[in-house]
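Order-wise, the sequence lines are chains A and B. Sequential numbering from 358 applies to the first sequence in our numbering. Sequential numbering from 358 applies to the second sequence in our numbering. For reference, the structure is listed below as structure tokens.
Protein chains: 2
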Amino acid sequence: MKDIVRNNAVKSKPRVLALSGGIGGAKLALGLYRILDPWDLAVVVNTGDDFEHFGLHIAPDVDTLMYTLSGTNNTELGWGRAGETWAFLEQLKRLGGETWFQLGDGDLAVHLQRSESLKRGNTLSTVTADLFHHLEIQAHVWPMSDQPVRTMIDAVDGREIPFQNYFVQEKCEPEVSGFRFTGAGDALPNASFMELLEDPCLNAIIVCPSNPYVSVDPMLAIPGVRAALKACHVPVIAVSPIVGGEAIKGPTAKMMRELNIPVDPLSIARHYADFLDGFILDDADAHHADSLEIPTLVTRTVMQTLEDRDALARDSLSFAQRLKADKSLNTTSAKRAS
Amino acid sequence: MKDIVRNNAVKSKPRVLALSGGIGGAKLALGLYRILDPWDLAVVVNTGDDFEHFGLHIAPDVDTLMYTLSGTNNTELGWGRAGETWAFLEQLKRLGGETWFQLGDGDLAVHLQRSESLKRGNTLSTVTADLFHHLEIQAHVWPMSDQPVRTMIDAVDGREIPFQNYFVQEKCEPEVSGFRFTGAGDALPNASFMELLEDPCLNAIIVCPSNPYVSVDPMLAIPGVRAALKACHVPVIAVSPIVGGEAIKGPTAKMMRELNIPVDPLSIARHYADFLDGFILDDADAHHADSLEIPTLVTRTVMQTLEDRDALARDSLSFAQRLKADKSLNTTSAKRAS
Numbered sequence: 358m359k360d361i362v363r364n365n366a367v368k369s370k371p372r373v374l375a376l377s378g379g380i381g382g383a384k385l386a387l388g389l390y391r392i393l394d395p396w397d398l399a400v401v402v403n404t405g406d407d408f409e410h411f412g413l414h415i416a417p418d419v420d421t422l423m424y425t426l427s428g429t430n431n432t433e434l435g436w437g438r439a440g441e442t443w444a445f446l447e448q449l450k451r452l453g454g455e456t457w458f459q460l461g462d463g464d465l466a467v468h469l470q471r472s473e474s475l476k477r478g479n480t481l482s483t484v485t486a487d488l489f490h491h492l493e494i495q496a497h498v499w500p501m502s503d504q505p506v507r508t509m510i511d512a513v514d515g516r517e518i519p520f521q522n523y524f525v526q527e528k529c530e531p532e533v534s535g536f537r538f539t540g541a542g543d544a545l546p547n548a549s550f551m552e553l554l555e556d557p558c559l560n561a562i563i564v565c566p567s568n569p570y571v572s573v574d575p576m577l578a579i580p581g582v583r584a585a586l587k588a589c590h591v592p593v594i595a596v597s598p599i600v601g602g603e604a605i606k607g608p609t610a611k612m613m614r615e616l617n618i619p620v621d622p623l624s625i626a627r628h629y630a631d632f633l634d635g636f637i638l639d640d641a642d643a644h645h646a647d648s649l650e651i652p653t654l655v656t657r658t659v660m661q662t663l664e665d666r667d668a669l670a671r672d673s674l675s676f677a678q679r680l681k682a683d684k685s686l687n688t689t690s691a692k693r694a695s
Numbered sequence: 358m359k360d361i362v363r364n365n366a367v368k369s370k371p372r373v374l375a376l377s378g379g380i381g382g383a384k385l386a387l388g389l390y391r392i393l394d395p396w397d398l399a400v401v402v403n404t405g406d407d408f409e410h411f412g413l414h415i416a417p418d419v420d421t422l423m424y425t426l427s428g429t430n431n432t433e434l435g436w437g438r439a440g441e442t443w444a445f446l447e448q449l450k451r452l453g454g455e456t457w458f459q460l461g462d463g464d465l466a467v468h469l470q471r472s473e474s475l476k477r478g479n480t481l482s483t484v485t486a487d488l489f490h491h492l493e494i495q496a497h498v499w500p501m502s503d504q505p506v507r508t509m510i511d512a513v514d515g516r517e518i519p520f521q522n523y524f525v526q527e528k529c530e531p532e533v534s535g536f537r538f539t540g541a542g543d544a545l546p547n548a549s550f551m552e553l554l555e556d557p558c559l560n561a562i563i564v565c566p567s568n569p570y571v572s573v574d575p576m577l578a579i580p581g582v583r584a585a586l587k588a589c590h591v592p593v594i595a596v597s598p599i600v601g602g603e604a605i606k607g608p609t610a611k612m613m614r615e616l617n618i619p620v621d622p623l624s625i626a627r628h629y630a631d632f633l634d635g636f637i638l639d640d641a642d643a644h645h646a647d648s649l650e651i652p653t654l655v656t657r658t659v660m661q662t663l664e665d666r667d668a669l670a671r672d673s674l675s676f677a678q679r680l681k682a683d684k685s686l687n688t689t690s691a692k693r694a695s
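See below:
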């Protein structure tokens with residue numbers, strides 16, 4: 358097991374690509390980051406949760422990944438920075454300001470630095486790389502797009518609720534009827550992400566156990582992404598965020614119930630069916646494995662300790678490795694047949 | 358001696374008007390605030406120091422006054438908020454951000470709340486009143502203008518340096534040759550301030566011991582202010598910021614030397630000569646009193662303790678009271694003569 362603090366390694370092309378949302382996804386991304394060599398990991402992050410607050414560009418999933426990979430995440434709260442202080446928010450409250458979105462003192466520096474850099478004309482990708490560089494993270498982390506894509510919740514009560522308002526302000530209480538990703542149609546996927554999908558150096562793509570509807574779908578809604586994943590020469594595997602009929606974290610299961618989708622790993626696999634080569638589900642759901650028409654791996658997916666993260670990362674990679682051999686074979690056969 | 362924490366008093370018209378810059382002026386303003394009844398004090402504050410930083414409107418003198426009057430000023434640092442924390446700035450530094458201007462975690466909330474309110478179309482006067490209200494300050498505090506006036510330092514080396522860069526970034530080191538107040542010509546003085554000057558309720562105007570060149574002159578540079586002070590029916594008195602050939606605080610004496618102005622109270626009195634009815638100088642400068650052609654009060658002007666602030670406030674007010682009787686008499690005589 359490698360320590361997160363590494364010597365300065367030469368930036369190289371990534372070999373493993375992860376698709377991640379916030380907290381759940383970042384757990385597996387951390388495992389991958391820990392067991393892979395420096396710069397071998399690339400993560401494409403959902404920015405559908407991004408929003409403007411006080412004129413600042415806030416990118417919750419990017420930040421969660423940044424704090425997680427740099428080892429500065431708050432394990433007590435489960436989100437935000439370790440040792441965060443709240444003097445800003447307390448004073449803002451005293452002054453009658455808007456305090457529904459929790460802005461920690463150090464966290465605020467991230468939002469401000471990002472916003473200032475964007476104002477100077479830098480892309481979100483450049484700004485993100487710069488922030489990760491300063492926190493000495495040796496992984497490629499790419500926002501899914503430099504253009505704004507904004508997740509909107511269609512509520513049963515007829516409202517269209519911006520994601521952060523739904524998630525933070527309304528505590529995921531409104532019943533959902535669907536989702537929209539405003540701006541997705543006009544957005545371009547991150548260029549390095551798209552290039553990597555065709556790069557012979559790439560070995561595996563792992564869809565982290567993130568919320569499929571509001572963390573992964575925003576990426577898939579960007580024109581070209583879904584097709585490129587489908588066409589990719591390496592195995593794409595997904596880890597189920599649903600374990601034993603519940604989500605480990607967040608509103609995934611609640612959303613599924615509201616959308617009349619069975620709350621089980623099969624629904625997740627079905628959701629990604631068109632581009633998935635393999636699926637990982639938890640021991641608790643072993644009985645579902647036979648119902649799937651693609652290769653499956655049944656293992657422990659619940660990540661409580663650091664060792665859990667490492668183990669699932671290792672399992673995912675060796676599963677992908679096995680699938681890769683098959684996929685190459687199939688691709689060669691397909692080529693021969695054509 | 359009254360305590361600063363007061364019962365909620367009905368907002369009434371002010372009887373005493375103070376003109377103030379930052380730290381030095383705020384000391385006397387605090388004394389006045391403490392000895393006067395709630396809402397009897399109005400303070401016009403210099404906003405020539407204001408600047409935009411990270412898209413935030415920062416008003417250093419207004420904030421100094423706000424922290425001072427609310428009893429939340431940092432007596433250790435001599436500026437900023439009591440018990441301030443610096444997590445934001447530390448993280449910003451880590452991220453490679455600009456950290457030359459010290460932004461405390463709680464202080465940042467003030468700048469952000471002000472900026473948000475300005476963005477919503479409120480005037481600086483309204484925003485200021487709102488901030489002071491939330492900190493339960495029962496004094497009228499008015500920024501000198503709602504329009505931007507920006508103090509620029511003309512340096513001997515030929516540069517024109519914005520005030521905060523001169524003051525904070527360059528630590529007042531550049532030799533000055535003059536000052537300019539960009540925008541002053543197009544600015545309107547605060548309306549309540551101008552109305553008060555003609556109000557029969559007003560008893561006295563006190564120019565606090567602030568820097569005449571960069572704290573008081575920006576106010577005087579706004580069209581109409583100087584003439585209105587001159588025409589005012591109540592005595593205008595000034596307290597010398599120069600004591601024994603030095604300034605208690607800040608670059609006043611250094612500036613005077615660079616401008617070849619004798620560093621003594623006489624120069625200060627001369628600077629305000631056209632509208633001044635009385636002048637207060639320190640015991641240490643008693644020998645200068647006879648050289649002045651206007652009424653003087655020689656007293657202790659150095660404010661170290663709270664009691665010093667109260668005492669100087671009391672001295673100023675009773676001095677003004679005596680001058681008022683004379684001024685009324687003179688005005689009556691003048692009216693008779695005309």
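For every residue, glycine included, the Cβ atom is placed at its ideal position computed from N, Cα and C. Quick caveat, the model's predicted, so the values are computed rather than measured.
Under 7 Å between C-beta atoms of residue i and residue j
i	j	result
A/Val593	A/Asp634	yes
B/Leu460	B/Leu469	no
A/Met501	A/Asn547	yes
A/Pro619	A/His645	no
A/Gly463	A/Glu441	yes
A/Gly412	B/Gly412	yes
A/Leu654	A/Ile637	yes
A/Ile518	A/Ala544	no
B/His491	A/Gly381	no
B/Asp642	B/Arg657	no
B/Phe538	B/Pro575	yes
B/Cys558	B/Arg438	no
A/Thr480	A/Asp503	yes
B/Leu376	B/Val564	yes
B/Leu449	A/Ala466	yes
A/Thr471	A/His414	At residue 471 of chain A the sequence reads Arg, which differs from the Thr that was named. In this structure, A/His414 lies closer than 7 Å to A/Arg471 by Cβ.
B/Trp457	B/Gln526	yes
Per-residue DSSP class, three states only, for residue i
i	result
A/Tyr435	The amino acid at residue 435 of chain A is misidentified as Tyr; the sequence shows Gly. Note: A/Gly435 maps to coil in three-state DSSP.
B/Arg693	Caution applies to B/Arg693, whose pLDDT of 43 falls short of 50 and renders its modelled position unreliable; the value that the coordinates give is listed next. Of the three classes helix, strand and coil, the one that applies to B/Arg693 here is helix, per DSSP.
A/Leu509	The identity of residue 509 of chain A in the sequence shown is Met, whereas the question assumes Leu. The answer is strand: DSSP assigns A/Met509 an E or B state.
B/Leu663	helix
B/Ile494	coil
A/Ser534	strand
B/Glu517	strand
A/Thr656	strand
B/Pro557	coil
B/Ala682	helix
B/Thr539	strand
B/Ala677	helix
Counterpart residues of residue i in DSSP-defined beta bridges
i	result
A/Ala375	A/Val400 and A/Ile563
A/Pro500	A/Val402
A/Pro569	None; A/Pro569 has no bridge partner.
Exercise. Fully enclosed by the stretch 574-654 of chain A, which beta strand (DSSP E) runs are 3 residues long or longer?
Worked result: As far as the stretch 574-654 of chain A is concerned, its whole beta strand (DSSP E) runs of at least 3 residues are 593-596 and 635-639.
Exercise. Between the stretch 567-587 of chain B and the stretch 433-448 of chain B, do three or more beta carbon pairs fall short of 8 Å?
Worked result: A contact is defined here as three or more CB-CB pairs under 8 Å, and the stretch 567-587 of chain B fails this definition with respect to the stretch 433-448 of chain B.
Problem set entry | Minimum length 3: unbroken beta strand (DSSP E) runs contained in the stretch 391-476 of chain B | Those beta strand (DSSP E) runs which fall completely within the stretch 391-476 of chain B and span 3+ residues are 398-402, 408-410 and 413-415.
Exercise. Contact between the stretch 560-569 of chain B and the stretch 531-547 of chain B: three or more CB pairs below 8 Å?
Worked result: Segments in contact, no.
Problem set entry | Given 8 Å, three or more beta-carbon pairs between the stretch 398-408 of chain A and the stretch 418-433 of chain A | In short, these stretches touch, since the Cβ pair count reaches three.
Exercise. Given 8 Å as the limit, is there contact between the stretch 658-673 of chain B and the stretch 381-393 of chain B, that is, 3 or more CB pairs closer than that?
Worked result: Touching, yes.
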